[in-house]
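Below is one structure, written out as structure tokens; comments come after it.
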Amino acid sequence: MAIDHFMLLALAGGLLAAWLAAPLGVFVVWQRQAYFGETLAHSALLGIGLGLMLQLNLTLAIVITSFLIVFGLHSLRRNAQLASDTLLGILAHGALATGLVVLSLQGNIQLDILGYLFGDILSIHPSDLIWMLVIGLLLIGFFSRHWHDLLNLTLNSELAQVEGVDVKRLQLQMALLLALVIAVAMKIVGVLLITSLLILPAASARRLARTPEQMLGYSFILATISVLIGLTLSYYADLPSGPAIVVSALGLFLLLLFKKQT
Amino acid sequence: MNETLLINAENISHQFANKPVLQDINLQLHRNQITTLIGPNGAGKSTLIKILLKILTPTQGRVAHHHNLMIGFMPQKIHIDPTLPLTAKRFLQLGLNNVQKRNAQKPGNYHSTGLEGMAEELGIRALLNQPIQGLSGGEMQKVLLARALIRNPDLLVLDEPVQGIDLQSQSQIYQLIHSQQQKRQCAVLMISHDLHLVMKHTDQVICLNQHICCSGTVQSLRDHPSFIAQFGQTLPEHALYQHQHTHCQHGDAHGD
Ligand SMILES: Nc1ncnc2c1ncn2[C@@H]1O[C@H](COP(=O)(O)OP(=O)(O)OP(=O)(O)O)[C@@H](O)[C@H]1O
Ligand SMILES: [Mg+2]
Chain A
4 MAIDHFMLLA
14 LAGGLLAAWL
24 AAPLGVFVVW
34 QRQAYFGETL
44 AHSALLGIGL
54 GLMLQLNLTL
64 AIVITSFLIV
74 FGLHSLRRNA
84 QLASDTLLGI
94 LAHGALATGL
104 VVLSLQGNIQ
114 LDILGYLFGD
124 ILSIHPSDLI
134 WMLVIGLLLI
144 GFFSRHWHDL
154 LNLTLNSELA
164 QVEGVDVKRL
174 QLQMALLLAL
184 VIAVAMKIVG
194 VLLITSLLIL
204 PAASARRLAR
214 TPEQMLGYSF
224 ILATISVLIG
234 LTLSYYADLP
244 SGPAIVVSAL
254 GLFLLLLFKK
264 QT
Chain B
48 MNETLLINAE
58 NISHQFANKP
68 VLQDINLQLH
78 RNQITTLIGP
88 NGAGKSTLIK
98 ILLKILTPTQ
108 GRVAHHHNLM
118 IGFMPQKIHI
128 DPTLPLTAKR
138 FLQLGLNNVQ
148 KRNAQKPGNY
158 HSTGLEGMAE
168 ELGIRALLNQ
178 PIQGLSGGEM
188 QKVLLARALI
198 RNPDLLVLDE
208 PVQGIDLQSQ
218 SQIYQLIHSQ
228 QQKRQCAVLM
238 ISHDLHLVMK
248 HTDQVICLNQ
258 HICCSGTVQS
268 LRDHPSFIAQ
278 FGQTLPEHAL
288 YQHQHTHCQH
298 GDAHGD
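Okay, here's the thing in structure tokens:
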């Protein structure tokens, strides 16, 4: 009975995380932001370290840290005269390493580090599900309200701005939502694998879709299938759940490579 | 701002990382007027347009827009990632996204019939169902122009509208811009390198090379002694560049 209860929580958590990631994932792919997502994910570990050290709410600590990283990136872009991917690489791994160091300083927490890096779906608590539901409502509100503006922003931010889109505000809100989703979804797949939850379903969906909306729809479907297969594998073959979900998503992606692009 | 003044720019100067690009520009755009911006590569034309459109904030000076100004903009170039599945038609429809909201009281012009009609006029109807990333450079220019026009703007801003377009379509496109301007009584601001084609319909010409070298109606410039000396009567294209070159040497001296 107890196992079924855990499994149900894990399933709900996994599905919710994948659904939260899907709409952000398509924009991450369209806007070539994969490395940016990676940076946010890695800075989440630093957030956890700082949150534990200062005894803050961890989700809050993650979001605050992500934001400091975003602003840091912004000012570095202006002043450092380095290419964006170099800066992102520095920040991503700088944050990851600093996070690991800060976590090690906490003493008895060594065992959990693996959970943070690769996810620990059995650690999901009902309160996590409530967080995810709240963020899900936020995402539904945000994307249904701004869908077309976001597409225009993706096409060309200058054109969008002239046509009346509040570009800066939307970009900031999107980064904030991405940080929030990473903060809650990292329990499932961990900071090292979370980017794949964002981009794999979207990349696979590209093979099937003819419109942006179809791509979003297929992303939801493929993410759902990945979670179901991954958790089943994890349950029956006793595999770590986060990697199992990502491997399933990868399998779908490879399978769809055989299909001709529409 | 009075009713015909759409954009008023005062004392605009701009630098990119200490490199001066624009100096002390004053510029007004009025309803029902075609303004052509000319100048050599790197003169700051695109930068000036971005400042006028409030995409860029100038290091100095102010830009004021007429209340509720509807702008149709055609950027110099645009790259669309191939991961975004989008037809040319959808691209055009997305350009109408905020139009209905803004002009709720005067609908009718903005429906896809307007879109199809415009596509017909620009000769891009057959492209509508193709993926936008597959279009050739010139085809993309026409789609961008269509997107700017179907918004039924008060002001049309075109950054080199005919670059990459075959010679035959070029004069056709200028004609279309002119006829649309007449029909809608809108203002047009465009950057162009081939003045002899646009000259006929241009109300105001502005020669830019970091600062405004000279500006005025075609007629006033034509009567200008140095202009006649440079251009003669026929305005051959190469003479135009000659003009900018000599004229702007004194401009650079001013700037230093
Ligand atoms: N984002 C930027 N950062 C730094 N310098 C820039 C930037 N954009 C433009 N410049 C510089 O400003 C100057 C003016 O550029 P701009 O694009 O306005 O020229 P232009 O008149 O439109 O030229 P063209 O005819 O080639 O389109 C150029 O020297 C360019 O290198
Ligand atoms: Mg230019």
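Line by line, the protein sequences are chains A and B.
Under this note's numbering, the first residue of the first sequence carries the number 4, and numbering increases by one thereafter.
Under this note's numbering, the first residue of the second sequence carries the number 48, and numbering increases by one thereafter.
Ideal placement from N, C-alpha and C gives every residue a C-beta, glycine not left out.
Check the C-beta distance from residue i over to residue j and give it rounded, since I have them as a contact under 8 angstroms.
i      : j      : result
L132/A : L195/A : That pair is no contact at about 23 angstroms.
I253/B : S239/B : Wrong, their Cβ atoms sit about 11 angstroms apart, outside the cutoff.
V29/A  : S222/A : 6 angstroms
I131/B : H151/A : Just to set this straight, residue 131/B is Leu in the shown sequence, not Ile. In fact, because the Cβ distance is near 13 angstroms, the residues do not count as touching under 8 angstroms.
I248/A : V192/A : 6 angstroms
V235/B : L203/B : 5 angstroms
L225/A : S207/A : 5 angstroms
K92/B  : L84/B  : 5 angstroms
T90/A  : F39/A  : First, the amino acid is wrong: residue 90/A is Leu here, not Thr. Not confirmed; about 10 angstroms, so no contact.
T42/A  : L53/A  : Between L53/A and T42/A the Cβ distance is about 16 angstroms, and since that is not below 8 angstroms, they are no contact.
L205/B : M237/B : 4 angstroms
S229/A : A25/A  : Wrong, their Cβ atoms sit about 11 angstroms apart, outside the cutoff.
E161/A : I72/B  : With a Cβ gap of about 20 angstroms, E161/A and I72/B do not count as contacting.
D51/A  : A64/A  : Reading off the sequence shown, one finds Ile at residue 51/A, where the question assumed Asp. So it is a contact: roughly 7 angstroms between Cβ atoms.
S60/B  : P105/B : 6 angstroms
V187/A : I138/A : 6 angstroms
Could you name the residues of chain B that residue i contacts, counting a contact when the two beta carbons are closer than 7 angstroms?
i      : result
A212/A : P132
V215/A : It is worth fixing the name first, because residue 215/A is Pro in this sequence and not Val. By Cβ distance, chain B contributes L131, P132 and L133.
M218/A : P132
Quick one: grab the DSSP three-state call for residue i.
i      : result
P208/B : coil
A212/A : coil
K247/B : helix
F63/B  : strand
A111/B : strand
I179/B : helix
E57/B  : strand
L71/B  : Leu is not the amino acid found at residue 71/B; the sequence shown has Asp there. Three-state DSSP puts D71/B in a strand.
G119/B : strand
S262/B : strand
I138/A : helix
I171/B : coil
I248/A : helix
L202/B : strand
L99/B  : helix
I85/B  : strand
I197/B : helix
T134/B : strand
A20/A  : helix
I238/B : strand
L52/B  : strand
H8/A   : helix
L255/B : strand
L63/A  : helix
H126/B : coil
L76/B  : strand
Q232/B : coil
Can you pull the chain B neighbours of residue i, defined as C-beta to C-beta under 8 angstroms?
i      : result
R209/A : T130 and P132
M56/A  : Going along chain B, no residue has its Cβ under 8 angstroms from M56/A, so there is no contact; the nearest lies around 39 angstroms.
M189/A : Chain B residues near M189/A: none, gap ~25 angstroms exceeds 8 angstroms.
Going along chain A, which residues have a C-beta under 8 angstroms from residue i?
i      : result
L327/B : For chain B, the structure presents residues 48 to 303; residue 327/B sits outside this window and is missing.
R231/B : The contacting residues do not exist; R231/B stays about 17 angstroms from chain A at best.
Residues of chain A with a CB under 9 angstroms from the CB of residue i: which are they?
i      : result
N65/B  : By Cβ distance, chain A contributes nothing, its closest Cβ being about 13 angstroms from N65/B, past 9 angstroms.
P122/B : N159, E161, L162 and V165
Can residue i be considered in contact with ligand 3, in the sense that its beta carbon sits closer than 7 angstroms to one or more heavy atoms?
i     : result
A90/B : Ligands present in the displayed structure are limited to ligand 1 and ligand 2, and ligand 3 is not among them.
Just the chain A side, please: which residues come within less than 7 angstroms of residue i by C-beta, in chain order?
i      : result
L53/B  : Near L53/B there are no residues of chain A at all, since even the closest Cβ is about 14 angstroms away, more than 7 angstroms.
I127/B : L158
R172/B : Correct list: empty, because the minimum Cβ distance to chain A is about 19 angstroms.
N49/B  : In chain order: nothing, as chain A lies at least about 23 angstroms away.
Please list the partners that residue i has in chain D, where partner means a Cβ-to-Cβ separation under 9 angstroms.
i      : result
G142/B : The structure shown has no chain D; the protein chains it does contain are A and B.
Next item on the list: May I ask you to list, following chain order, the residues of the segment 146-180 of chain A that have a beta carbon less than 8 angstroms from some beta carbon of chain B?
Entry: For the segment 146-180 of chain A, which is checked against every Cβ of chain B, the residues closer than 8 angstroms are H151, D152, L154, N155, T157, L158, N159, E161, L162, Q164, V165, E166, G167 and V168.
Next item on the list: Report the residue ranges of all alpha helix (DSSP H) runs contained in full by the segment 68-132 of chain A; include only those spanning at least 4 residues, in chain order.
Entry: Listed in chain order, the complete alpha helix (DSSP H) runs (minimum 4 residues) inside the segment 68-132 of chain A are 87-107 and 113-121.
Check: What are the residues of the segment 23-38 of chain A that lie near chain B, defined by any Cβ-Cβ distance shorter than 9 angstroms?
Finding: V29, V32, W33, Q34 and R35
Check: Taking a cut of 9 angstroms between CB atoms, which residues from the segment 194-207 of chain A lie near chain B?
Finding: A205 and A206
Margin query: Please give the ranges of any alpha helix (DSSP H) in the segment 180-244 of chain A, keeping only runs that are unbroken, at least 4 residues long and fully inside the region.
Written below: 197-209 and 215-240
Margin query: Tell me which residues of the segment 79-111 of chain B have at least one Cβ-Cβ distance to chain A shorter than 8 angstroms, keeping chain order.
Written below: K97, L100, K101 and I102
Next item on the list: Write down every uninterrupted run of the beta strand (DSSP E) in the segment 152-184 of chain A whose length is 3 residues or greater and which is fully enclosed by it, in chain order.
Entry: none
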